[in-house]
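Read through the structure below, which is laid out as structure tokens, and then see the notes.
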Amino acid sequence: MMSTSYTSQQIEAIKYSGNLVIAACPGSGKTTVVKEKVRNITLTLKDHQGVIAISFTKKASFELKRKCKAEGHNTKQSFFGTIDKFCLEEIIFPFLSQLWKGRPRESTIIDKLNNKQKGFFREVYKYPTVNDIILDNGFKLLYKQGYLWIEALPALALYILNKSESAVRYIKAKFTHIFLDEYQDTSKAQHHLFMKLVELGLIGTAVGDVNQSIYNFRGSSSDYLRELLSSKFFKKIYVDTNHRCHISINNYASRLLDPYFSIEDHQEECRVYRLKLTGDYSEISKDISEMALLHK
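Residue 136 in the working numbering is what sits at position 101 of the sequence shown, and the numbering runs on without skipping anything.
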């Protein structure tokens, strides 16, 4: 039964059955929403079917799986993990040998290329795309030497799906939905892989917050989340009630992000204050200390 403690936004997101992008602020209960969606969906699936639930970290994946398995719920055929783990276990290990021969499962996964390995490539890549794999034989040469580069895994998985009919049949037969959390930190190759899976018929749910993008230095961009938010093929639901912070903290944070944010009235004790001070460091420190004593 649907919990009466859920907000109307959460209930709408849980019940919606099509392609969906959830714009979720911090503390909005997005993990709870995803958990309920996964649980509701898997109850209706056949024994051989499952969903793909991708989280940004191993810890987040473990926690989501734990919550979905609560009360004896069956998640055996579903995938819970990071996008790199998904690419390896569900696409690269089973199907790369069809295209490049060899034994993918015996490959060593490397974080960085050494100077010799860099010499396999025609140019320097930070965040490879599927076109790079198509045009540069260096990725195949690296694999033939027994290595798979972690930065290339999403692009390599997409390359396999574009080339292997058996990989496509496997994914379509086993999985019905894909959930991808922290979408604001998705790279170009990861975004294209997500869209490919949706193109194959999986129902996609992307969850993110454009204001929380912190991994641009790793090739990630909130632009891909914005692209989904403006797409006519995805329904947009904003889950923006913060259950984690005091309302005064939420008001202050929201006003920092948006100077036109409408402050929400409340009768509770204020926990955040705006104070304009003048003077040197010693005088300012004294003023702050006095203010803290007044509000103890």
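Just so it is clear, CB atoms sit at the ideal spot from N, CA and C, and this is done for glycine as well.
Asked                                                                                                      : Found
Alpha carbon of T143 to alpha carbon of G314, nearest angstrom                                             : 60 Å
Start-end ranges of the beta strand (DSSP E) lying completely within the region 69-118, minimum 3 residues : 85-89 and 114-116
R157 beta carbon less than 8 Å from that of G181                                                           : no
Bounding residues of the alpha helix (DSSP H) (the contiguous stretch that carries K153)                   : N150 to K153
Collapsed DSSP secondary structure at G243 in the structure displayed                                      : strand
Three-way DSSP call (helix, strand, coil) for L237 in this model                                           : coil
Unbroken alpha helix (DSSP H) run spanning Y194, endpoints                                                 : L188 to K198
Selected residue, minimal CA-CA separation from K259, among E234, D275 and L228                            : In the sequence as presented, Lys is not what sits at residue 259; that position holds Tyr. Here the closest residue by C-alpha is L228.
Pair within 8 Å by beta-carbon distance, K231 and G53                                                      : no
Beta-carbon separation (whole angstroms), G64 vs S96, contact threshold 8 Å                                : 18 Å between Cβ atoms; not a contact.
Assumed close pair V165, Y194 - CB separation to whole angstroms, cut-off 8 Å                              : 5 Å
Paired residues, beta bridge with I145 - DSSP                                                              : W184
Environment of L123 [buried if 16+ CB atoms lie within 10 Å]                                               : buried
Under 8 Å between C-beta atoms of I238 and I185                                                            : no
Sequence-distant residues of its chain with Cβ nearer than 8 Å to C103 (five each side left out)           : K70, V73, R74, T77, A88, T110, S113 and F115
Cβ separation of E47 and I213, assumed to be a contact under 8 Å, to the nearest whole Å                   : Not really, about 20 Å apart at Cβ, beyond 8 Å.
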